[in-house]
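All remarks here apply to the structure that follows.
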């Protein structure tokens, strides 16, 4: 992979996280309509602007209705954070850098105990049983949910995306045991927190007293619900009913719902399976006949999906949005088939004016699509058991849509260089195309089960717009506008592949961009306006754009990935790929979205060598910022580690310590 890593961290990430997707053929070989084909059908610029103005009024009214009452626990209102932006940090620096006057400390690290009875972390003598009770590896989506009125108790909820055996295990550990530990290191952790008073940093509660603590792993039972549950496409020898799946894998970003549950997207699931890789359906999802990335098929037959095994449909049971209830450690987590099967980066919910749960989702693959789901049911306010149980069904039934974008500039002005068109903006209109409607397929020739299990093929058929890897997609709780993070796509414009379009205006796009989408009506609308609020990269380069803000006053930023909002409505952007793209460590950045500071990108922190910034959470009323530091030192080996974050042991490692990297959840606060 070394010659193909552009705008991404390292060949190690490519192998372990996404099964060398850039070496494989692009799964989307459809000839669906491109931007230039459908530009003539676009709304005029004048009508877009007029409807967008009306939309702002509608969204404001919606936020004053059910959505305002549905703020998840722990989402604090208050003032913004004051900090002096840091300078870019060289990619070889093995430390976490925060602004002057700030300090940081880990809340929890890989291997720390989660469940009562968990043994002390000892990476030289790790076991699957131990890992199933300890904090998992490569933490990604994270939330800190306050659970009491005095704001002294809380829950940390985090998923664990993938593992790195080369730096996790001594070479003497049997390979089968390594694989069993790796399977247990995936999934989720739910951890109770406490602190002395509101505004102070958090610490983990003694696991003997933490009744809500929980580990979910690659072997935990999940319910499959929604229209595809029980379908022949989901049945296997191990589950003839097609309603009960084991484990969740490849979980990337996510979201916390208005009713307090946590969603996560199963992203690069294809790399966990060995399959025939011959059918159109398997090829469209990147399934192949080669041995899997981790060799799980050698310890569990369900990961061998080749013909004749009885597990041909096992890959179909991954690639879903999963929902867990962090308040109930005995609840069965759910995979929602109504939201479609794809390489989900995550899922984020906002309530419409009428209380519909509207969920936005991106498919993190080159030239794949943007989706949304609108629930049939409506949200019931309150935290009573009846209301919560009802709300936990909202993602089980509803309508699924995929996005088609149009630009408002002549095709000749979108030349692939990133040069702004004559009107000074990359912008236009779009529509949401129904894939399912009223419990039935809206795609000719496909049943609803086929649409939901093979969602990519359904979206191909209706002519969705090919995007530059939709990562996090988040609606602002302040304005209702939706922010679509397109991290990069270095294949755009290559021979035989789609060239630049106005929503994806650069060929060989290694730095990424962010789309600001405004629904024309409330969140259930089928039409929208859009513009690019950020075209990332070196500010000195001609092909970057910071919403019109002076480029000599912003921080360099590349490969935006996860995002979050603070209480002022500013966007916080975590990056993944800056080391190879512009030579700096990945970090966390703040960008205001309104007023004279709109587009003013400032860097808040930088993560250690080889690490990625994930799961940002900003509680500015408390003066706290949280990030998940993922895969520090990923290019090392057991004998030659490249990072010592966060323990930085200089002498003999003490109990629970290690002279090596440990993915961790970190909190930063003003000292």
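In the numbering used here, the protein residues as written are 3 to 673. All C-beta atoms, glycine included, are put in the ideal place defined by N, C-alpha and C.
Within 8 Å, strictly: CB atoms of residue 669 and residue 606:
no
For residue 200, three-class secondary structure by DSSP:
coil
Length of the line joining the Cα atoms of residue 622 and residue 654
38 Å
Note down the Cα distance separating residue 403 from residue 442, rounded to an integer number of angstroms.
13 Å
Taking the CB atoms as reference points, tell me whether residue 166 and residue 462 lie closer together than 8 Å.
no
For residue 68, count neighbouring C-beta atoms within 10 Å of its own C-beta (all shown protein chains included) and say buried if the count is 16 or more, exposed if not.
Low local confidence applies: a pLDDT of 33 at residue 68 is under 50, so the model's placement there is unreliable, and no value is given.
Can you check whether the CB of residue 521 is closer than 8 Å to the CB of residue 533?
Their beta carbons are not under 8 Å apart, which means residue 533 does not touch residue 521 by this criterion.
Do the CB positions of residue 586 and residue 604 come within less than 8 Å of each other?
Contact flag unset, no.
Counted within 10 angstroms of its Cβ, other Cβ atoms place residue 198 as buried (16 or more) or exposed:
Exposed is the call here.
If we count Cβ pairs, one from each stretch, closer than 8 Å, do we get three or more for the segment 293-308 versus the segment 467-475?
Result no; under three Cβ-Cβ pairs closer than 8 Å.
Take every Cβ of the segment 138-155, pair it with every Cβ of the segment 80-98, and state whether three or more of those distances are shorter than 8 Å.
no
Quick check on DSSP: helix, strand or coil for residue 392?
Residue 392 sits in a helix when the DSSP states are folded into three classes.
Nearest-angstrom Cα separation, counted from residue 336 out to residue 84
Spanning the two alpha carbons is a distance of roughly 40 Å.
Would you list the residues sitting across from residue 507 in a DSSP beta bridge?
Answer by DSSP bridge pairing: none, since residue 507 is not bridged.
What is the rounded straight-line gap between the Cα of residue 488 and the Cα of residue 236?
31 Å
Whole angstroms is fine: what's the gap from residue 390's alpha carbon to residue 382's?
Straight-line Cα distance between these residues: approximately 8 Å.
Run through the DSSP bridge pairs and tell me what residue 84 is partnered with.
Its beta-bridge partners do not exist; DSSP assigns none.
If we require 3 or more residues per run, which beta strand (DSSP E) segments fall completely within the segment 558-601?
Runs found: 562-567, 573-577 and 589-593.
Alpha carbon of residue 49 to alpha carbon of residue 430, nearest angstrom
Reliability fails at residue 49, whose pLDDT of 34 lies under 50, so the model's placement of it is uncertain and the value that follows must be treated cautiously. Cα to Cα, the separation comes out at about 11 Å.
Within 10 Å of its beta-carbon, does residue 657 have 16 or more other beta-carbons around it, so buried, or fewer, so exposed?
exposed
In whole angstroms, what is the alpha-carbon distance linking residue 108 and residue 422?
One Cα belongs to residue 108, the other to residue 422, and the distance between them is close to 43 Å.
Measuring CB atoms only, is the segment 592-599 touching the segment 633-644, in the sense that at least three cross pairs come out at less than 8 Å?
no
Within the segment 456-536, ranges of the alpha helix (DSSP H) (whole runs, at least 4 residues):
457-463
Do the segment 411-426 and the segment 504-516 touch if we need at least three Cβ pairs shorter than 8 Å?
yes
On the three-state DSSP scale, how would you describe residue 554?
helix
Closest Cα partner of residue 104 within the set 626, 642 and 661:
626
Report all residues from its chain with a CB closer than 6 Å to the CB of residue 211; omit the five preceding and five following residues, and keep chain order.
none
Going by beta-carbon coordinates alone, are residue 615 and residue 578 separated by less than 8 Å?
yes
Within the segment 110-196, ranges of the alpha helix (DSSP H) (whole runs, at least 4 residues)
Correct list: 130-133, 167-170 and 177-187.
Bridge partners of residue 358, per DSSP?
380
According to DSSP, is residue 547 helix, strand or coil?
In this structure, residue 547 counts as strand in the three-state DSSP scheme.
Using DSSP bridges, identify the partner residues of residue 669.
107 and 628
Assuming residue 321 contacts residue 344 (C-beta within less than 8 Å), just tell me the rounded distance between them.
6 Å
Give a yes or no on whether the C-beta atoms belonging to residue 324 and residue 217 are separated by under 8 Å.
Contact: no.
First and last residue of the uninterrupted alpha helix (DSSP H) at residue 415:
First-last for residue 415: undefined, no H or E at that position.
Exposed or buried, residue 660, counting other C-beta atoms within 10 Å across all chains shown (16 or more means buried)?
buried
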